[in-house]
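Protein chains in written order, with the working numbering: chain A, 17 to 360; chain B, 17 to 360.
This report concerns only the one structure given below.
Shown next as structure tokens:
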């Protein structure tokens, strides 16, 4: 049975301001390649012998953007599930599960704003997880840590269930630095990358037990959904009544049979300008540049120029982001400060 | 007899790129105040009891800009002497001298892109120089040095001719650092600020002796000049044949009776982004900002935002200049590197 890709594109986010804005969140920007992260995510599941046409869960305000970016890469078989409001990931995935024609169909749930540099490793993990998923497990991809990051949730794994797949013992929220170091040292923790694989009926069954209000609201919203061509519009009032929660809290932490495939696949959540420097191609002086950038005696910088030329001489380890209306400058390592500027 | 201000606005220059461009050289930009340096220069000679209406010598390509900036400050009695091509200062001043109705009229020749923070001191120096000028001396304003700058020419002065005015012993080209320090230590050198006061007939008489070809070309250009309303257009071919030279080389260094008034008047030639930081108002952290700038934990920076917002966190001693199409970033002290960027 082919896997249905469910691509979550509802994110807003200000961490990549000034380029990301509520009108154009980061998944719709070409920050890491010539194509946008949304387009790269869709491309990962283009093989129709393995994947059904994708279901895109997006903010209704971004419908035209999604359609245009799909058309741009020649994808004409996607369905758009357009959220009338944002209720976090668990309800979004509930809508998607209810939209699937075949309840036993495996859903591959992916954020649309992550980078996966090694898609073969991703595919191998999917293949390893699939048999357990078909048996009714909820599965997740555990990113092999590259350091004691405090910005991610962690997953502790237990026994090997089959080659490359472990039972999950518990989910751990974003830790402080000593706790992160301890988990890394233990060797039995991976990062929670927010990518999931499970059958629609199993997900809905877990919701029925642990979040029945959420399931009821999602069912009501889908019962009265309007459908035009390839678009599904859930009923706005019903969905507005849905509790807001993440899949991690509402489902994964509470379910019984949860599996994880530890995988090293060049993953990044592109959560900051610093992470773009980490994953970006660099010149001989450690500079990552995008757009019209001129450098002289400069090293270790991330310079992103969008529709404006940036000329830099004699500076080190700066983040510089410019578009036609805003310029941001801060040292590498301080990119969390972007949020303060993004507000005003 | 009122003094005729002759304002030299023909400069191009790339030292304040990206804001200054061949289309809009720095004198036409509001870099130091709400008004442009050209407008501030015109304002310095607005008192019609002392000054005749100004004669503006400008590049013909900037005629509309000059007219608009004059109108903006309510000056409607200026004459524009529009150069068909640039031949440096000596020929430009020759055209101006020939344009004056009264040959014995004193001309106050001023670049249009300098800042004078203390106009009262400037006026006092003018008053001190005027009696010698009326007797036929060529006079210049000697800027009291604030340090051993290597970017300016120097003037060595000799005997006091009258209160506040010395005879010039010689002009010194831009020195190296040890030579500059030596001159400062001697106490008998001032900077050559490029501001002059002399009678038109005396200037032309010196030209006749030391640069007769230049005088002949300027005379030919003015003999066939076309005049419309307040504009004078010297004959293009005649002026193109004129040798190109500065007033310092062609006239001041060679003339006999040359006087200098040492004066401390808050002068700056605004020759670089660094000089704009030097003369600019600063916040408690030593930042000079113009335009829409947001700072957080930043010190010692010059940030100039023109039509675009600049948000800066956690950086020190940078020069940042942004307009809608270009962003320039370099450390303070390195602003001479601008020239390399301005070329391309």
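Just so it is clear, CB atoms sit at the ideal spot from N, CA and C, and this is done for glycine as well.
Because the structure is a prediction, the values reported are computed rather than measured.
From which residue to which residue does the alpha helix (DSSP H) around residue i run?
{"i": "residue 85(A)", "result": "79-88"}
{"i": "residue 199(A)", "result": "193-202"}
{"i": "residue 290(A)", "result": "289-295"}
{"i": "residue 44(A)", "result": "Element bounds for residue 44(A): n/a, residue is neither H nor E."}
{"i": "residue 135(A)", "result": "135-150"}
{"i": "residue 183(B)", "result": "Residue 183(B) -> not in any alpha helix (DSSP H); beta strand (DSSP E) instead, spanning 181-188."}
{"i": "residue 111(B)", "result": "105-115"}
{"i": "residue 254(A)", "result": "252-256"}
Helix, strand or coil: how does DSSP classify residue i here?
{"i": "residue 329(A)", "result": "strand"}
{"i": "residue 51(B)", "result": "coil"}
{"i": "residue 354(B)", "result": "helix"}
{"i": "residue 175(A)", "result": "strand"}
{"i": "residue 265(A)", "result": "helix"}
{"i": "residue 230(A)", "result": "helix"}
{"i": "residue 164(A)", "result": "coil"}
{"i": "residue 346(B)", "result": "strand"}
{"i": "residue 61(A)", "result": "coil"}
{"i": "residue 324(A)", "result": "coil"}
{"i": "residue 241(B)", "result": "coil"}
{"i": "residue 236(B)", "result": "helix"}
{"i": "residue 312(B)", "result": "strand"}
{"i": "residue 74(A)", "result": "strand"}
{"i": "residue 284(A)", "result": "strand"}
{"i": "residue 35(A)", "result": "coil"}
Below 8 Å on the Cβ atoms is my guess for residue i versus residue j; work out the distance and round it to an integer in Å.
{"i": "residue 208(A)", "j": "residue 156(A)", "result": "7 Å"}
{"i": "residue 141(A)", "j": "residue 180(A)", "result": "7 Å"}
{"i": "residue 106(A)", "j": "residue 201(A)", "result": "In fact, because the Cβ distance is near 32 Å, the residues do not count as touching under 8 Å."}
{"i": "residue 122(B)", "j": "residue 213(B)", "result": "6 Å"}
{"i": "residue 173(A)", "j": "residue 158(A)", "result": "7 Å"}
{"i": "residue 188(B)", "j": "residue 278(B)", "result": "Not a contact, Cβ separation roughly 15 Å."}
{"i": "residue 338(A)", "j": "residue 321(A)", "result": "5 Å"}
{"i": "residue 216(A)", "j": "residue 119(A)", "result": "5 Å"}
{"i": "residue 311(B)", "j": "residue 47(B)", "result": "The Cβ separation is near 19 Å, so there is no contact."}
{"i": "residue 1(B)", "j": "residue 319(B)", "result": "Given that chain B is displayed from residue 17 to residue 360, the structure contains no residue 1(B) and the question cannot be resolved."}
{"i": "residue 211(B)", "j": "residue 268(B)", "result": "That belief does not hold up - the Cβ atoms of residue 211(B) and residue 268(B) are roughly 12 Å apart, past 8 Å."}
Residue i lies in the beta strand (DSSP E); which residues open and close that run?
{"i": "residue 226(A)", "result": "No beta strand (DSSP E) holds residue 226(A); the alpha helix (DSSP H) holding it covers 216-226."}
{"i": "residue 67(A)", "result": "From DSSP, residue 67(A) is part of no beta strand (DSSP E); its letter is neither H nor E."}
{"i": "residue 335(B)", "result": "334-338"}
{"i": "residue 277(A)", "result": "274-279"}
{"i": "residue 20(B)", "result": "20-25"}
{"i": "residue 154(A)", "result": "154-159"}
{"i": "residue 122(A)", "result": "122-127"}
{"i": "residue 95(A)", "result": "95-99"}
{"i": "residue 249(B)", "result": "247-249"}
{"i": "residue 305(A)", "result": "304-306"}
(message) Does the segment 280-292 of chain B come into contact with the segment 122-139 of chain B, if we say contact requires no fewer than three beta-carbon pairs (one atom in each stretch) closer than 8 Å?
(response) yes
(request) Spell out a yes or no on whether the segment 21-36 of chain B and the segment 53-70 of chain B are touching, meaning 3 or more CB-CB pairs, one atom from each, closer than 8 Å. (result) yes
(message) Between the segment 165-172 of chain B and the segment 137-147 of chain B, can you find at least three pairs of beta-carbon atoms closer than 8 Å?
(response) no
(message) Any contact between the segment 30-39 of chain B and the segment 259-268 of chain B? By contact I mean 3 or more CB pairs, one from each, below 8 Å.
(response) no
(request) Mind the definition here: the segment 80-94 of chain A touches the segment 213-232 of chain A only if three or more C-beta pairs lie below 8 Å; say whether that holds. (result) no
(message) Contact between the segment 93-111 of chain B and the segment 236-252 of chain B is defined here as three or more beta-carbon pairs at a separation below 8 Å; is this criterion met?
(response) yes
(message) Check whether the segment 336-346 of chain A and the segment 323-337 of chain B are in contact - that is, three or more C-beta pairs closer than 8 Å.
(response) yes
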